[in-house]
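*Asks:* Got a structure here, written out as structure tokens. Questions coming.
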Amino acid sequence: MLGDLIDSKNIEHRQEVQTNLLNTLDRINSKYCQSIVSKFKTTLGDEFEGLMSLNADWICIINELFFPCIQQRFDLE
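See below:
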């Protein structure tokens, strides 16, 4: 899964959002460790990626990654 916080450079409280993203990724890595093949991590700025097994509960993971009022993009390959 690839994800991105769209236009994150213009978010008013960008540092707070970035910290929240990192904490969320850590929580997901712990909570879904049985289903994660490669841990979720940030790549460029506010882009992130992680590799899940085929039986992963990806809908729950996306729901946990959802940040209200911030436009996001997800790519499941």
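Counted the way this note's numbering counts, the sequence shown spans residues 106 to 182.
Even glycine gets a Cβ: it sits at the ideal position worked out from N, Cα and C.
Values in this document were obtained by computation on a predicted structure and should not be read as measured data.
Could you give the residue range of the alpha helix (DSSP H) that holds L127?
*Replies:* By one-based count along the sequence shown, residue 127 stands at place 22. Counted as a single uninterrupted DSSP element, the alpha helix (DSSP H) harbouring L127 occupies residues R119 to K136.
*Asks:* Could you tell me how far apart the beta carbons of L110 and I175 are, in whole angstroms, since I believe they sit closer than 8 Å?
*Replies:* Locating residue 110 in the sequence shown gives position 5, where the first residue counts as 1. Locating residue 175 in the sequence shown gives position 70, where the first residue counts as 1. Between I175 and L110 the Cβ distance is about 6 Å, and since that is below 8 Å, they are a contact.
*Asks:* On the DSSP letters alone, give me the boundaries of the beta strand (DSSP E) that E169 sits inside.
*Replies:* Within the sequence shown, the letter at position 64 stands for residue 169. Taken as a continuous stretch (DSSP letters only), E169 belongs to no beta strand (DSSP E), being part of the alpha helix (DSSP H) at W163 to L170.
*Asks:* When burial is assigned at 16 or more other CB atoms within 10 Å of the CB, is I164 buried or exposed?
*Replies:* Looking up residue 164 in the sequence shown gives position 59. Result: exposed.
*Asks:* Quick one: Cα of E117 to Cα of Q123, how far?
*Replies:* As a working note, residue 117 is residue 12 in the sequence shown. As a working note, residue 123 is residue 18 in the sequence shown. Rounded to the nearest angstrom, the two C-alpha atoms are 12 Å apart.
*Asks:* Going by other Cβ atoms of all chains shown within 10 Å of its Cβ, with 16 needed for buried, is L159 buried or exposed?
*Replies:* For the purposes of this step, residue 159 is taken as the residue at position 54 of the sequence shown. It is exposed - the Cβ of L159 has fewer than 16 other Cβ atoms within 10 Å.
*Asks:* Among E169, L127 and A161, whose alpha-carbon lies nearest the alpha-carbon of L149?
*Replies:* Along the sequence shown, read from residue 1 onward, the residue named residue 149 stands at position 44. If we check each option's Cα against that of L149, L127 comes out closest.
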